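Okay, so the sequence shown: first residue is 181 according to my numbering, each after it adds one.
Worksheet: one structure, shown below.
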Amino acid sequence: MILGIDTSCDDTGVGLVALPAGGRAEVRANRIWSQVVHARYGGVMPELASREHVERIDAVMQDALAEAGAGVGDIGAVAATAGPGLVGALLVGLMYGKGLAQGLGVPFYAAHHLEGHIFAAASEAELEAPYLALVVSGGHTHLFDVAAAGEYRLIGATRDDAAGEAFDKIARLAGLGYPGGPAISEAARRGDPKGVAFKEPMLGQAGYDFSFSGLKTAALLAHRAGASGEDLAASFQAVAVKHLLKVTRRAAADLGRRTVVVSGGVAANAALREAFGASGLQAVFPSQGLNTDNGAMIALAGAAAMRAGRPPSRLDAGAAAYVPLANVDG
Ligand SMILES: Nc1ncnc2c1ncn2[C@@H]1O[C@H](COP(=O)(O)OP(=O)(O)OP(=O)(O)O)[C@@H](O)[C@H]1O
Ligand SMILES: [Mg+2]
181 MILGIDTSCD
191 DTGVGLVALP
201 AGGRAEVRAN
211 RIWSQVVHAR
221 YGGVMPELAS
231 REHVERIDAV
241 MQDALAEAGA
251 GVGDIGAVAA
261 TAGPGLVGAL
271 LVGLMYGKGL
281 AQGLGVPFYA
291 AHHLEGHIFA
301 AASEAELEAP
311 YLALVVSGGH
321 THLFDVAAAG
331 EYRLIGATRD
341 DAAGEAFDKI
351 ARLAGLGYPG
361 GPAISEAARR
371 GDPKGVAFKE
381 PMLGQAGYDF
391 SFSGLKTAAL
401 LAHRAGASGE
411 DLAASFQAVA
421 VKHLLKVTRR
431 AAADLGRRTV
441 VVSGGVAANA
451 ALREAFGASG
461 LQAVFPSQGL
471 NTDNGAMIAL
481 AGAAAMRAGR
491 PPSRLDAGAA
501 AYVPLANVDG
């Protein structure tokens, strides 16, 4: 089995996947400790995140082994996120993973957080290049063209806020609670998607970039003008999904891609899944529970690296706040 660790932000995640000879990797465990210490600050406090990871990681790993019905002796390789993320937080999982790999005498893989998000979808289907990968999370709205396995070309990204960030900020201003994504999709069920007239971002613009800050401003103005939280949620969700789909579709048509992997926290959104599912594209999503940060996605990325014959990482591999996935990543 391959053990995957993600401590890039405020979730301590440990997952285990089995890699049967010739078969598809299977998730055997996925344990996450979501830190609550940050709630009173309204944002993640990096130093507190690191300390919590130190305190929790061992218990989360024991829980993951128990969930898989496995012992440390069943671990054949270890993968841990090395970046991007909060450096102090990353270091905890990275050092823990390296120590474990060294102690067990098994290969270690330093993983890229976004490659992990993409490979979360390998829980549902074998990812066979070529495909497009849309990562929509709290910090990223990145569209990659993957012409061949492991070759990521960034073809578009948000010019301002990430999609998940917009969900969070609009939920906060509408008083819908935190985290914003689930709060918005819940409130949207009771709202009118045409209740607030949002203008679709970047209309008439070429290329594959995204933008969400205009929607945020429009939401603020509509809120001040008395729009209900439910209508704001339904209308924002509708326009955000439309925007994400339209740009992705254009890229797929231009590049001749049929398959789109959609991952990251926003990929949990039911309206987004429905729209991509009905788009004519072959959309692949992570299993529910693997959209937001987790360790299983890092184990899946590690499994893919092993399958591809990628050499293990050196044990002096460092953590970094910013690491491009593609050489042109922004
Ligand atoms: N059902 C949902 N609908 C829309 N957005 C959602 C939903 N569930 C979660 N999200 C959003 O997903 C985001 C969190 O996703 P994730 O954990 O992948 O991001 P992150 O790790 O914070 O960012 P990054 O991976 O870019 O560093 C939050 O912004 C949250 O609001
Ligand atoms: Mg993430």
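We put the beta carbon where it would ideally sit given N, CA and C, even for glycine.
Computed from a prediction, not measured in an experiment: that's the story for all the values here.
Query, Result
"G444 Cβ short of 7 angstroms to ligand 2 heavy atom set", "yes"
"beta-carbon E410 near ligand 1 non-hydrogen atom, thresh 7 angstroms", "no"
"I350 versus A328: straight-line alpha-carbon distance, rounded", "37 angstroms"
"Contact check, F347 vs G361, beta carbons under 8 angstroms", "yes"
"Distance between beta carbons of Q417 and S467, contact taken as under 8 angstroms", "The pair is not a contact, with the Cβ atoms about 22 angstroms apart (cut-off 8 angstroms)."
"Closer than 8 angstroms to chain C by CB, I182", "This model lacks chain C altogether; it includes just one protein chain."
"Presumed contact (8 angstroms Cβ cut-off) between G475 and G184, rounded CB distance", "4 angstroms"
"Three-state class that DSSP yields for H297 in the structure shown", "helix"
"Which listed residue (V240, V217 and S391) has its alpha carbon closest to that of K422", "S391"
"Rounded straight-line distance, which links the Cα of H320 to that of A432", "20 angstroms"
"Which of helix, strand or coil DSSP assigns to F378", "coil"
"Cβ-Cβ distance between A205 and L480 below 8 angstroms", "yes"
"Check whether V464 and V446 have beta carbons under 8 angstroms apart", "no"
"Proximity test, F324 beta-carbon vs ligand 1 heavy atom, cut-off 7 angstroms", "no"
"Per-residue DSSP class, three states only, for S365", "helix"
"Cβ-heavy atom distance, D473 to ligand 2, below 7 angstroms", "yes"
"Neighbourhood of D341 by C-beta distance below 6 angstroms, restricted to the same chain and skipping five residues each side", "F392 and S393"
"Buried or exposed by the 16-neighbour rule on C-beta atoms within 10 Å, applied to S214", "exposed"
"Candidates L400, A301, L461 and V286, of which the one nearest R494 by Cα", "V286"
"Nearest-angstrom Cα separation, counted from G371 out to D191", "31 angstroms"
"Proximal residues to D509 (C-beta, below 7 angstroms), its chain only, five neighbours per side dropped", "Legend: pLDDT at D509 = 37, less than 50; position of this residue unreliable, no value from coordinates given."
"From G330, L270, A302 and K396, residue whose alpha carbon lies closest to that of A485", "G330"
"First and last residue of the uninterrupted beta strand (DSSP E) at T177", "The structure shown does not extend to residue 177, since the chain is modelled only from 181 through 510, so no value can be given for it."
"For F465, three-class secondary structure by DSSP", "coil"
"Proximity test, F416 beta-carbon vs ligand 1 heavy atom, cut-off 7 angstroms", "no"
"Classification of V315 by the beta-carbon crowding that lies within 10 angstroms, buried from 16 upward", "buried"
"Where the alpha helix (DSSP H) containing E232 begins and where it ends", "P226 to A248"
"Beta-carbon spacing of A483, L274 below 8 angstroms", "no"
"Given F288 as reference, the closest of P491, A407, G265 and A309 once Cα atoms are compared", "P491"
"A500 and A262 closer than 8 angstroms at C-beta", "yes"
"heavy atom of ligand 2 below 7 angstroms from S317 C-beta", "yes"
"Euclidean distance between Cα positions of A343 and T439", "21 angstroms"
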